[in-house]
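In our numbering, the protein residues as written are 48 to 319.
Even for Gly, the Cβ is constructed at its ideal location relative to N, Cα and C.
Nothing here was measured: the structure is a model prediction, and the numbers come from that model.
Here's the structure we're looking at; comments come further down.
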């Protein structure tokens with residue numbers, strides 16, 4: 048159901064250079080794979096870089112997923128069609144001219160009418176020489192990097208914050224508020240329940256019970272949302288938790304565009 052290809056945004060690298068390395072998933076029509084928090088069912092892809100000595104990979108970047116409904120009333124966070132999961136890689140300062148091979152091993156759960164655990168490995172050979180140059184796949188990285196949510200406060204068009212509100216009578220439950228605002232006069236946020244999604248970060252300590260748009264306090268320049276989480280029995284509140292807020296907006300050209308920010312709540316005030 049899924050084919051993968053290892054790609055880089057650099058066609059040639061030099062000593063000490065940084066470049067991006069990614070695994071491109073080509074997903075067959077009607078199938079899907081999962082985000083890092085799959086939702087009510089599923090498993091996230093596992094991507095393991097195998098790099099030459101001295102090369103260091105950073106964390107994996109995940110574009111914003113879709114929300115899909117599966118049989119049985121299950122709601123999942125998934126990718127369809129294609130997605131690029133990628134990392135920044137630092138080349139060592141001492142690197143001889145020639146070629147290097149970078150490899151990856153990955154596995155993922157692919158679902159259509161049934162779910163199948165799939166796995167594959169891939170390799171890409173890169174030239175080592177100065178000056179460094181972009182590859183034919185560099186555009187893929189720009190395309191999917193634009194779909195990776197930035198932390199609140201790092202998007203020039205948007206601002207946002209997250210905070211916990213008054214404690215619930217149940218000490219195992221917390222309610223939080225997410226605010227998304229735009230100061231861009233050419234961008235109008237859609238104040239519509241169906242246009243806003245929240246994808247909670249994966250955690251073994253919490254269950255995100257509900258997420259709701261506060262229509263009364265929302266407007267075309269500001270969205271206010273409430274999220275309710277429950278601490279799982281026998282677990283402590285984590286030091287922090289967050290997620291990705293995805294919304295739709297109308298730009299100056301009257302096109303509908305997607306916007307997304309990542310948020311973080313601190314649980315330090317409720318730790319024992």
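In chain order, what residues of the same chain lie with their CB nearer than 6 Å to the CB of residue 276, ignoring the 5 residues before and after it?
Taken in chain order, the residues that qualify are 221, 253, 255.
Taking 8 Å as the cut-off, decide whether the C-beta atoms of residue 141 and residue 62 are in contact.
Yes, these two residues count as a Cβ contact at 8 Å.
With burial defined as no fewer than 16 other Cβ atoms inside 10 Å of the residue's Cβ, what is the status of residue 79: buried or exposed?
Classification of residue 79: buried, given that the 10 Å Cβ count is 16 or more.
Since residue 189 is in the beta strand (DSSP E), which residue starts that stretch and which ends it?
In this chain, residue 189 is not harboured by any beta strand (DSSP E); it is covered by the alpha helix (DSSP H) spanning 185-192.
Who are residue 198's beta bridge partners in DSSP?
Bridge pairing for residue 198: 309 [DSSP].
What are the start and end residues of the beta strand (DSSP E) that includes residue 240?
Run containing residue 240: none; DSSP gives neither H nor E here.
Cβ neighbours of residue 71 in the same chain (closer than 7 Å, five flanking residues each side left out)
Counting only Cβ-Cβ distances below 7 Å, and skipping sequence neighbours, we find 51, 52, 54, 129, 131, 187.
Nonlocal neighbours in the same chain, by C-beta distance under 7 Å from residue 167, ignoring five residues either side
Spatial neighbours of residue 167 in its own chain (CB-CB distance under 7 Å, excluding positions within 5 residues in sequence) are listed in chain order as 51, 153.
Just the Cα atoms here: how many angstroms apart are residue 297 and residue 313?
Looking at the two C-alpha atoms, the distance is approximately 32 Å.
Going by other Cβ atoms of all chains shown within 10 Å of its Cβ, with 16 needed for buried, is residue 60 buried or exposed?
The residue is buried, with at least 16 neighbouring Cβ atoms inside 10 Å.
Among 86, 250, 109, which has the Cα closest to the Cα of residue 283?
Here the closest residue by C-alpha is 250.
Distance, Cα to Cα, residue 48 vs residue 232?
It is roughly 43 Å from the alpha-carbon of residue 48 to the alpha-carbon of residue 232.
Using three-state DSSP, classify residue 78 as helix, strand or coil.
If DSSP states are grouped into helix, strand and coil, residue 78 belongs with coil.
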